[in-house]
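Peer 1: In this note's numbering, the protein residues as written are 913 to 1228.
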Ligand code: ASP
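Shown next, in the form of structure tokens:
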């Protein structure tokens, strides 16, 4: 390219970054609407949009444990107008779907968002009334019991694998495109139990529409103070909080990702976000972790963390 043209391109790019964003932004959530990741994304997207002066519209592109939406986001135009909000599934995908997505190579990093505990829950009429009873009942009933999850590699799947490896339970697993639709079936009594994030279960537990056996944290959660922890029940290996991050396709200009990181930091301090997250027991990350480096480091470590367990599960 002649050098005058190169300079012109650089000027145009710099001007575009300065006026960014000049139109609405799409935030892809790779799971069904109405589920836990969708809830986190909508709270944050709304607040980021306020700071950016443009709407951030959540689009649910569900399927294949989140890899369909993630692949779509990776292949989008890197102009800052398509983003991805994904969770721990970003770290399990390289092991479970080799060749489909390389999250470390395909994205720029905006920052970590929030950590969300999980709950082990069941349909209201399910016989066990405590985690101990659930362990005995699942052992006794074997494949007569059904366990719902959001697809291989999702948080609900990992939590189910941990439960099975700690207790020996072997329920039939039913994959959904997200735990939003799984919750509808749990409420309707079509599936027996699942493990899902508090962002999707708190209201139904509080209203008594579903049973809660445990939270996957070492300490009890204020909003669900009568639900014991997995640690109290001797299942400390099931401790699990689900981290979330925001990504932009590889090649998104650094000025744009910096602007997005700054909007994320502002959003996490907004009182509406703090209050909504508090109600749902989601913990917004500290300001320094709403950053590209923190997200990249977390993703790198988590890919290694889950690989041995998932390799073992795949070989079963
Ligand atoms: N993230 C999934 C959803 O939003 C749930 C999961 O990972 O278990 O439906």
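Yeah, the Cβ is synthetic: ideal placement off N, Cα and C, and Gly gets one too. Please read these numbers as outputs of a predicted model, since none were measured by experiment.
Would the C-beta of residue 1091 count as close to ligand 1, meaning under 6 Å from any of its heavy atoms?
Peer 2: Mapped onto the chain shown, residue 1091 falls at position 179. Residue 1091: yes, Cβ under 6 Å from ligand 1.
Peer 1: With distances taken from CA atoms, which of 1016, 934 and 980 is nearest residue 1162?
Peer 2: Translated into positions along the chain shown, residue 1162 becomes position 250. Ranking 1016, 934 and 980 by Cα distance to residue 1162 puts 1016 first.
Peer 1: Does DSSP classify residue 1123 as helix, strand or coil?
Peer 2: As a position in the chain shown, residue 1123 is number 211, starting the count at 1. In the structure shown, residue 1123 sits in a strand (DSSP, three-state: E or B).
Peer 1: Given the structure, does residue 947 come close to ligand 1, in the sense that its CB is under 6 Å from one of the ligand's heavy atoms?
Peer 2: By 1-based counting over the chain shown, the position of residue 947 is 35. At least one heavy atom of ligand 1 is nearer than 6 Å to the Cβ of residue 947, so yes.
Peer 1: Tell me whether residue 1064 sits in a helix, a strand or coil according to DSSP, three-state version.
Peer 2: If you number the chain shown from 1, residue 1064 lands on position 152. Coil, per DSSP.
Peer 1: Evaluate residue 979 with the Cβ neighbour count: other Cβ atoms within 10 Å of its Cβ, from every protein chain shown; 16 or more gives buried, anything less gives exposed.
Peer 2: Locating residue 979 in the chain shown gives position 67, counting from the first residue. Buried, because 16 or more other Cβ atoms sit within 10 Å of the Cβ of residue 979.
Peer 1: Three or more C-beta pairs under 8 Å: does that hold for the segment 1136-1152 against the segment 1051-1058?
Peer 2: no
Peer 1: Confirm, please, whether the CB-CB distance from residue 1175 to residue 963 is below 7 Å.
Peer 2: Taking the chain shown and counting its residues from 1, one reaches residue 963 at position 51. Taking the chain shown and counting its residues from 1, one reaches residue 1175 at position 263. Yes, these two residues count as a Cβ contact at 7 Å.
Peer 1: Hey, is residue 993 close to ligand 1, as in C-beta under 6 Å from one of its heavy atoms?
Peer 2: By one-based count along the chain shown, residue 993 stands at place 81. Not one heavy atom of ligand 1 falls within 6 Å of the beta-carbon of residue 993.
Peer 1: Quick one: Cα of residue 1000 to Cα of residue 947, how far?
Peer 2: As a working note, residue 1000 is residue 88 in the chain shown. As a working note, residue 947 is residue 35 in the chain shown. Those two C-alpha atoms are separated by around 15 Å.
Peer 1: Once you ignore the five residues that flank residue 997 on each side, which residues in its own chain have a CB closer than 6 Å to its CB?
Peer 2: Here residue 997 refers to the residue found at position 85 of the chain shown. Same-chain partners within the cutoff: 939, 941, 953 and 1158.
Peer 1: Please find out if some non-hydrogen atom of ligand 1 comes closer than 6 Å to the beta-carbon of residue 1067.
Peer 2: What you label residue 1067 is simply residue 155 of the chain shown in a count that begins at 1. Flag set: Cβ of residue 1067 near ligand 1.
Peer 1: So, is residue 1083 buried or exposed, given that buried needs 16 or more other C-beta atoms within 10 angstroms?
Peer 2: Locating residue 1083 in the chain shown gives position 171, counting from the first residue. Residue 1083 should be labelled buried.
Peer 1: So residue 1036 and residue 1122 are in contact, right, with Cβ under 8 Å, and what is the actual spacing, rounded?
Peer 2: The count along the chain shown starts at 1 and reaches residue 1036 at position 124. The count along the chain shown starts at 1 and reaches residue 1122 at position 210. Contact flag correct, Cβ pair sits at about 6 Å.
Peer 1: Would you list, in sequence order, the uninterrupted alpha helix (DSSP H) runs of no fewer than 4 residues that lie entirely inside the segment 933-1021?
Peer 2: 948-964, 979-986, 1001-1008 and 1015-1018
Peer 1: In the DSSP assignment, find the alpha helix (DSSP H) that holds residue 1092 and state where it starts and stops.
Peer 2: Looking up residue 1092 in the chain shown gives position 180. Element bounds for residue 1092: 1091-1099.
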